[in-house]
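The next block holds one structure in the form of structure tokens; read it before the comments.
Protein chains: 2
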Amino acid sequence: MALSQSLEDYLEQILITKMEKGVVRVKDIVERLGVSSASVVGALQHLEKDGLVRHERYGYIELTEKGKKRARCVYSKHSAIMRFFTDVLGIPPEVAESDACSFEHFISPLCFQRMLLFMRFALEGKKPAWLEEFHRFIEKSGKGNGKKTERKLKGGRC
Amino acid sequence: MALSQSLEDYLEQILITKMEKGVVRVKDIVERLGVSSASVVGALQHLEKDGLVRHERYGYIELTEKGKKRARCVYSKHSAIMRFFTDVLGIPPEVAESDACSFEHFISPLCFQRMLLFMRFALEGKKPAWLEEFHRFIEKSGKGNGKKTERKLKGGRC
DNA sequence: TAAAAAAGTTAGGGGAGGCTAAAATATGGC
DNA sequence: GCCATATTTTAGCCTCCCCTAACTTTTTTA
């Protein structure tokens, strides 16, 4: 059963709110996703029809078993991609977070599996010498500090 | 000037067709993107209004300088992401292609820059021992061959 | 406990970006 | 040169997903 990127986001935020607060209301999702409450209600109706969510009028939002499974699937991708970006590529959490938010919806199973494999290879146990070296390599290439990066971006293709 | 994912795709395919065939017609884009010709015409009108494309009725499609720049920007991201997936993560080209097609629209400048840096670090010159080792690691984890992977996917989270 | 505030819902609308069907224009075969 | 076919364009429609405004229900507060 396919789900749009948008509905996956709702599902994921319901899961996260549940984990953080214990209960989930429309308002929580409004705040987390920055959409109107009307949009949240609309999405909930759709998710309820698909059997992913339970929601009584004016009550709490609950994930069904099916919904929980789907939400965890999205969230686990999010977390893994996030970790790959921060721990391997050395990207600061805020940026990694926003990239992960997009990629989680599109990444293929194989690509996801390879990222996991790469992390098992590179991050399990002691940090290997080559990864240390790469992180020093980042430092060196970024020294300047602001000026150089700025010029680079202007001169480059993108 | 922001451009939707969809319009970036049109722009990119115009560039690629131009490179491969020398001239670009509506039909080429219809075939490459798998959309109707009406959709292509609609997109062209939008791109023309933004000064990214020139197009006379029933004639060839041309990129303006501005359009070329934008298209190259998307395409260069596509190529780099593609290369990262195939050469670092060892993902087969068809899968990498499809992942790159999504990521190219969302990747942040910093994340893109780090991928480039990682490739310079890992792929410039002779293939380093640790990368060789990772690629053997993939082989090992994937031996089985179909059966094992199948079971793994079923048992796993996603 | 009644009024005010907050939260949730419904109704209606708009833009983006697809589609089909039909009309207009170009092109190739005879 | 003329007709058949291919290509392009227009018109009109649909879905998705967001919005605002108005209304209902719940919660808080005086």
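Chains as they are written, first to last, in our numbering: chain A, 47 to 204; chain B, 47 to 204. Cβ coordinates follow ideal geometry from the N, Cα and C atoms, glycine included.
Distances from the alpha-carbon of V141(A) to those of P139(B), F152(B), Q51(B) put F152(B) closest. Interface with chain A (8 Å Cβ-Cβ cutoff): G136(B) is included. Contact fails between the region 130-139 of chain A and the region 76-90 of chain A, because fewer than three Cβ pairs, one in each stretch, are under 8 Å apart.
Near chain A, meaning a CB-to-CB distance below 9 Å, the residues of the region 148-177 of chain B are S148, F149, H151, F152, I153, S154, P155, L156, C157, F158, Q159, R160, M161, L163, F164, R166, F167, A168, P174, A175, W176, L177. Excluding sequence positions up to five before and after V99(B), its CB lies within less than 8 Å of the CB of L57, I60, L90, L93, I107, E108, L109, T110, G113, all in the same chain and listed in chain order. Classified as exposed, V69(A) has fewer than 16 neighbouring CB atoms from the shown chains inside 10 Å of its CB. Of the residues assessed, R166(B) falls on the exposed side of the cut-off, its CB having fewer than 16 other CB atoms within 10 angstroms. Per DSSP, the continuous beta strand (DSSP E) segment holding H101(B) begins and ends at 99-101.
In the DSSP assignment, L109(B) falls within the unbroken beta strand (DSSP E) covering 107-109. For M65(A), the enclosing alpha helix (DSSP H) begins and ends at 51-67. D145(B) reaches chain A at F152, I153, S154, C157, counting residues in chain order whose Cβ is nearer than 8 Å. For L93(B), the uninterrupted alpha helix (DSSP H) segment begins and ends at 83-95.
For the set F164(A), K123(A), L156(A), the Cα lying nearest the Cα of A146(A) is the one of K123(A). Taking 8 Å as the threshold, the shortest C-beta distance from F180(B) to chain A falls below it.
Within 10 angstroms of the beta-carbon of E54(A) lie 16 or more other beta-carbons, which makes it buried. The three-state reading of DSSP puts F158(B) in helix, counting H, G and I together. Of the candidates S82(A), M65(A), L163(A), the residue whose Cα lies closest to the Cα of F130(A) is L163(A). Relative to the Cα of K115(B), the nearest Cα in the group G188(B), E185(B), M47(B) belongs to M47(B). In the DSSP assignment, H181(B) falls within the alpha helix (DSSP H) that extends over 175-188.
In this structure, Y121(B) and I62(B) form a Cβ contact; the two beta carbons are roughly 7 Å apart against a cut-off of 8 Å.
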